[in-house]
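Note that the sequence shown covers residues 2 to 908 in the numbering used here. Taking it in order: structure first as structure tokens, then the write-up.
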Amino acid sequence: MGESEGLPDALAELKARLRLLHLENRRGLSMAGLAREARRGRTTVSQALHGPTVPSEATVVALARALGTDAQPLLKLLEQARRQRPAPHTAAHGPSGRRKAAAQAENRRPQHAEQRPGQLDTYLRTVEPTLDAQPYPGVIDEGVPALSAVYLRQQIRCLDEKRDRNNADSPPLVSSAATVPADEILTGARTCVVIAGPGAGKSSLLRTWLAEGVGCRLGGEEPAAPVPVLVPAQALIASGKALRGGSLPEALTRAVSREYELEIPGLFASPPRHGVPWLVLVDGLDEIPRAETRQNLLRHLAVHANGPDADLYRLVVATRPLPQGELDRLGSHVPRFDLLPFRREELSQVAHSWFTALAVPDPAGLTKLFITELSAREQLTELARTPLIAGLLCQLYAHHRRMPRARGGIYDEYAALLLLQHERRAQDAPEIPGIGELALDIAGHIAARRLAPQDEQDAGPTLTDLLRSWPGASPAGMTPKETVLRTGMLTQRAGELEFVHQTLLEYCAARHATRTPQARAEATARLFDDKWARHWPWKPVSDVTFLGTGQRFWTPPGEKETSYTGFLLDRLLADPDGAAQVQKKLLRLAGRRNLDGCRFLAEQKRLGTGLPEPVVRAAATSLTFLARITDDDRRRADLRANPDRLHPETDPGLAEVFLSQAQRNHRVSAAEALAWLGGEHAADILAELAEVPYLATGPWRVQAADRLAAAGDPRGLLLLHRLATDARLRDDARVDAAGFLVEHGDEHGVELLHNLARDVKLLPQDRALAVSVLAAIGDQPSADTLASLADSASTSPDVRMRAATMLAVVDDERGPDLLARLAEDIGLPIRTRLCSALGLAQFEPSRGADTLASLAHDRTLKSVWRLAAVRELAGRDTERAAAVVAVLAHDPTVRSRHRRKAARLLR
2 MGESEGLPDA
12 LAELKARLRL
22 LHLENRRGLS
32 MAGLAREARR
42 GRTTVSQALH
52 GPTVPSEATV
62 VALARALGTD
72 AQPLLKLLEQ
82 ARRQRPAPHT
92 AAHGPSGRRK
102 AAAQAENRRP
112 QHAEQRPGQL
122 DTYLRTVEPT
132 LDAQPYPGVI
142 DEGVPALSAV
152 YLRQQIRCLD
162 EKRDRNNADS
172 PPLVSSAATV
182 PADEILTGAR
192 TCVVIAGPGA
202 GKSSLLRTWL
212 AEGVGCRLGG
222 EEPAAPVPVL
232 VPAQALIASG
242 KALRGGSLPE
252 ALTRAVSREY
262 ELEIPGLFAS
272 PPRHGVPWLV
282 LVDGLDEIPR
292 AETRQNLLRH
302 LAVHANGPDA
312 DLYRLVVATR
322 PLPQGELDRL
332 GSHVPRFDLL
342 PFRREELSQV
352 AHSWFTALAV
362 PDPAGLTKLF
372 ITELSAREQL
382 TELARTPLIA
392 GLLCQLYAHH
402 RRMPRARGGI
412 YDEYAALLLL
422 QHERRAQDAP
432 EIPGIGELAL
442 DIAGHIAARR
452 LAPQDEQDAG
462 PTLTDLLRSW
472 PGASPAGMTP
482 KETVLRTGML
492 TQRAGELEFV
502 HQTLLEYCAA
512 RHATRTPQAR
522 AEATARLFDD
532 KWARHWPWKP
542 VSDVTFLGTG
552 QRFWTPPGEK
562 ETSYTGFLLD
572 RLLADPDGAA
582 QVQKKLLRLA
592 GRRNLDGCRF
602 LAEQKRLGTG
612 LPEPVVRAAA
622 TSLTFLARIT
632 DDDRRRADLR
642 ANPDRLHPET
652 DPGLAEVFLS
662 QAQRNHRVSA
672 AEALAWLGGE
682 HAADILAELA
692 EVPYLATGPW
702 RVQAADRLAA
712 AGDPRGLLLL
722 HRLATDARLR
732 DDARVDAAGF
742 LVEHGDEHGV
752 ELLHNLARDV
762 KLLPQDRALA
772 VSVLAAIGDQ
782 PSADTLASLA
792 DSASTSPDVR
802 MRAATMLAVV
812 DDERGPDLLA
822 RLAEDIGLPI
832 RTRLCSALGL
842 AQFEPSRGAD
852 TLASLAHDRT
862 LKSVWRLAAV
872 RELAGRDTER
882 AAAVVAVLAH
892 DPTVRSRHRR
902 KAARLLR
């Protein structure tokens with residue numbers, strides 16, 4: 002019976018039937034094909050057929066549908082298996098390396114206190130009534146529908162954060178991992194980060210996990226599953242401290258008590274049940290204004306995730322994209338997932354769910370009209386793939402049967418309807434002319450203050466504090482707080498004001514920044530004039546790569562400011578007096594040599610900003626110029642690929658300089674941005690860049706092919722296959738191409754990765770990369786190959802460390818053991834040993850702390866490396882670090898300045 006030996010009979014029978022149905026399937030589905038048909042992750046399907054765990058009812062139904070069989074007999078077996086399954090602590094899982102280490106460390110680590118009776122039940126019962134609430138208010142008379150009535154599960158993919166962005170030959174951040182349902186995140190056992198843009202569904206995803214977790218716990222299902230607690234990141238921090246109350250348990254207690262007006266002292270200081278952790282869902286990390294405060298919070302969360310409390314908390318952090326390297330504070334090995342938008346074919350299902358939940362007459366007919374009108378507006382179609390915008394559009398369309406022009410228009414109409422709705426519900430409120438506009442003005446004032454940099458304090462003042470700085474008067478008989486709540490965009494929790502969604506805060510801040518002609522002039526100057534600078538070697542402009550010294554460049558706003566900038570542009574362009582001047586400045590950004598400016602405009606267009614048509618045309622023209630491939634470029638690329646056609650007396654060095662001028666990687670970025678604007682020839686340019694050697698370097702050619710495939714162009718997959726098998730290409734680019742094939746669901750991707758992993762001509766690190774991708778999708782032979790690479794003395798130290806780390810990432814018990822062995826190997830470079838110890842600490846905190854302490858005590862190492870080990874240990878176990886520092890203080894082999902630095906770490 003293979004993997005199912007020793008399992009209860011009903012579970013073994015269920016898995017045997019599923020495997021038999023899979024083998025007998027007429028379509029000959031592979032494991033990847035079955036996962037795709039069932040809309041489940043490959044790991045989930047593999048576990049359902051071969052693993053020791055009991056699959057969920059939804060997984061069994063999905064597999065039955067994909068295999069074309071009746072689900073009822075399988076569900077009966079599933080019910081029997083659930084009744085027969087052993088208690089969680091006796092499950093048939095073999096003990097992993099992490100569990101072994103935890104068992105060995107039991108006597109060294111103080112046990113958590115027992116859970117106070119009744120507190121957990123009180124928390125669950127208090128949270129239960131709020132579980133199905135939407136994260137933002139509705140504008141229909143009947144109110145916003147329940148989240149479960151309109152929620153459509155999204156897909157995720159793991160981001161490749163290891164790519165070097167400072168390398169000009171490296172394309173922007175991409176992923177070569179397969180897309181899987183977002184719920185796959187919860188099947189792992191590690192801390193992770195969910196990244197998505199504004200309104201992309203992060204809050205709804207976390208709320209759904211909260212509802213399912215609390216519901217299962219109250220219903221007596223999945224007793225071994227973590228118990229979820231949802232908290233805004235802002236609620237975890239306080240003025241003067243990175244964590245409110247000084248510790249994570251205290252910060253969680255205060256945040257939950259404030260949210261639900263609940264007294265539960267000490268609830269989160271101990272596990273909800275023996276061996277069961279808390280699932281801490283931290284929402285809106287990006288909403289903390291100061292980067293330093295965000296990094297401090299991440300550092301504290303990492304201490305709890307990797308230190309002695311690692312078995313008490315499992316963290317999921319949701320955020321918009323943050324500046325490069327900021328999330329490293331949580332741990333370099335922490336997985337980061339991209340939450341993907343709706344697919345275009347899913348928009349009809351989304352609209353039908355909303356119109357049905359809103360109880361409109363003939364929801365099917367209205368859905369047809371909605372999709373027809375939406376399809377005629379390409380910009381709105383792309384916007385509607387964002388869950389928040391899809392919900393707003395459906396509500397607005399249900400209300401007055403017409404589509405807004407741009408994203409700013411959507412929020413204008415939404416704000417107006419919110420005010421109207423609130424006026425209808427506040428029948429007893431005094432009728433004051435213009436109170437709606439005044440409420441929006443106050444909301445804009447505090448929103449602008451919140452978005453402004455806060456230098457004095459970690460958390461910055463609360464919205465209630467900011468409200469005190471409102472310079473205007475309030476209506477008679479009403480306080481500023483009562484007035485601002487009339488907008489419907491803010492809510493009140495435990496006396497504190499909060500915007501119900503970050504995009505509403507940004508919208509109100511943009512209204513404030515454009516409230517008067519003088520304010521609009523200042524906002525225009527800050528956005529355009531102040532961002533132009535001349536590039537000099539002694540005063541460089543960041544990210545300038547292919548233009549020369551002395552040129553003037555415009556620096557686009559950062560990723561965190563993109564959404565606010567879009568609202569600001571919509572407001573500036575709506576002003577009849579200043580629109581012409583703003584349009585002129587936008588046209589300047591579309592200059593023929595300004596790639597950054599053109600990409601900014603293309604990104605704003607994709608975001609839904611209502612850019613004037615002349616600006617869009619100018620940007621498209623400039624991007625076409627930047628992406629163009631001339632006949633001369635084609636001749637040079639052809640001669641470079643076929644040097645035998647050159648004249649025999651040609652100087653090779655001069656020829657290389659001359660011919661290499663055809664290779665310009667920025668064409669790929671320009672063509673991609675051109676595609677965002679709907680450029681007619683963008684796909685053809687991307688195809689040629691991917692196909693023709695020497696028009697771009699290998700990684701950029703792969704990037705071009707991937708963008709084609711992502712757009713549904715059939716040439717994309719063919720080009721990725723060709724690039725993955727092209728021996729002239731860089732090895733890592735070939736692995737990326739094969740990985741993208743896997744991501745796009747092409748069956749050949751796995752086979753190509755196997756071929757690359759076995760190819761002895763490839764560099765060891767690139768073979769390890771291929772094997773890592775295979776291991777991540779559940780390929781067991783690949784895990785064995787990774788173990789072999791990590792254990793081989795002939796492999797380079799860096800590759801050995803990466804291979805061992807990847808084994809640990811895919812929950813193979815050999816990974817931590819190999820990391821420990823590498824950290825203890827005195828024949829390896831100290832950097833490799835230290836990095837291995839850090840990797841070990843991510844997966845087995847107690848064992849990793851032991852290894853770091855051992856390195857800090859090792860007198861054969863230079864004191865600078867011993868100090869580095871102490872520094873890392875201090876971030877995980879302060880008591881242990883203090884003991885090490887006490888020893889180092891009297892160690893003559895440690896330099897005095899390093900002893901002083903070590904002592905300062907603990908202050």
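Built from N, CA and C at the ideal position, the CB exists for glycine as well.
Among the options, the one whose alpha carbon lies nearest that of residue i
i: Thr698; options: Arg668, Ala809, Ala676 and Glu673; result: Arg668
i: Ser847; options: Gly267, Asn307 and Glu251; result: Asn307
i: Gln155; options: Pro138, Thr180, Pro146 and Val145; result: Thr180
i: Ala791; options: Ala887, Ser783, Arg801 and Asp785; result: Arg801
i: Val257; options: Ala212, Ser205 and Thr127; result: Thr127
i: Ile157; options: Gly713, Thr123 and Ala201; result: Ala201
i: Ala771; options: Leu742, Arg896 and Ser623; result: Leu742
i: Glu327; options: Val351, Ala292, Val151 and Pro336; result: Ala292
i: Arg665; options: Leu690, Ala510, Met479 and Thr894; result: Leu690
i: Leu249; options: Ala514, Val283, Pro224 and Val228; result: Val283
i: Arg512; options: Glu560, Lys532, Ala474 and Gly410; result: Gly410
Where residue i falls, given that 16 or more other Cβ within 10 Å makes a residue buried
i: Asn108; result: At Asn108, the pLDDT of 36 sits below 50, so the modelled position is not reliable; the number obtained from the coordinates is stated separately. Flag for Asn108 reads exposed.
i: Lys762; result: exposed
i: Arg768; result: buried
i: Pro911; result: Outside the shown range of the chain (2 to 908) lies residue 911, about which nothing can therefore be said.
i: Ile827; result: exposed
i: Val888; result: exposed
i: Val703; result: buried
Neighbourhood of residue i by C-beta, 6 angstroms cutoff - its chain only, sequence neighbours within 5 removed
i: Ala92; result: Residue placement at Ala92 cannot be trusted, given a pLDDT of 33 that sits under 50; what the coordinates show is reported in the next sentence. Excluding positions up to five away in sequence, the list is empty.
i: Tyr415; result: Leu393
i: Arg18; result: none
i: Leu820; result: Ala805, Ser837, Gly840 and Leu841
i: Arg637; result: Leu660 and Ala663
i: Tyr412; result: Tyr508
i: Gly285; result: Pro233 and Ala234
i: Tyr261; result: Thr127
Other residues of its chain near residue i: CB distance less than 7 angstroms, five sequence neighbours each side excluded
i: Leu874; result: Ala850, Leu853, Ala854, Ala857, Arg881, Ala882 and Val885
i: Arg330; result: Gln296, Leu299, Arg300 and Ala303
i: Phe356; result: Pro364, Leu367, Thr368, Cys395 and Ala399
i: His334; result: Thr806, Val810, Gly840 and Gln843
i: Leu15; result: Leu75, Leu78, Leu79 and Ala82
i: Leu467; result: Ile447, Arg450 and Arg451
Backbone secondary structure at residue i - three-state DSSP
i: Ile447; result: helix
i: Phe554; result: strand
i: Trp701; result: helix
i: Ile289; result: coil
i: Gln325; result: coil
i: Leu590; result: helix
i: Tyr314; result: strand
i: Leu957; result: The displayed coordinates of the chain run from 2 to 908. Any statement about residue 957 would go beyond what the structure contains.
i: Pro364; result: helix
i: Leu764; result: coil
i: Thr254; result: helix
Neighbourhood of residue i by C-beta distance below 8 angstroms, restricted to the same chain and skipping five residues each side
i: Arg208; result: Leu132, Ala134, Pro136, Leu148 and Leu231
i: Thr382; result: Arg345, Leu348, Leu375 and Ser376
i: Ala39; result: Val46, Thr60, Ala63, Leu64, Arg66 and Ala67
i: Glu497; result: Arg259, Thr463, Leu464 and Thr465
Cβ of residue i within 8 angstroms of any chain D Cβ
i: Gly746; result: The chain labelled as chain D is not found in the depicted structure, where only one protein chain is given.
Determine, using beta-carbon pairs with one atom in the segment 603-610 and one in the segment 629-649, whether at least three such pairs fall under 8 angstroms.
no
Given 8 angstroms as the limit, is there contact between the segment 437-446 and the segment 475-493, that is, 3 or more CB pairs closer than that?
yes
If we count Cβ pairs, one from each stretch, closer than 8 angstroms, do we get three or more for the segment 188-205 versus the segment 310-322?
yes
State whether the segment 671-682 contacts the segment 640-648, with contact taken as three or more CB pairs (one from each stretch) at a distance under 8 angstroms.
no
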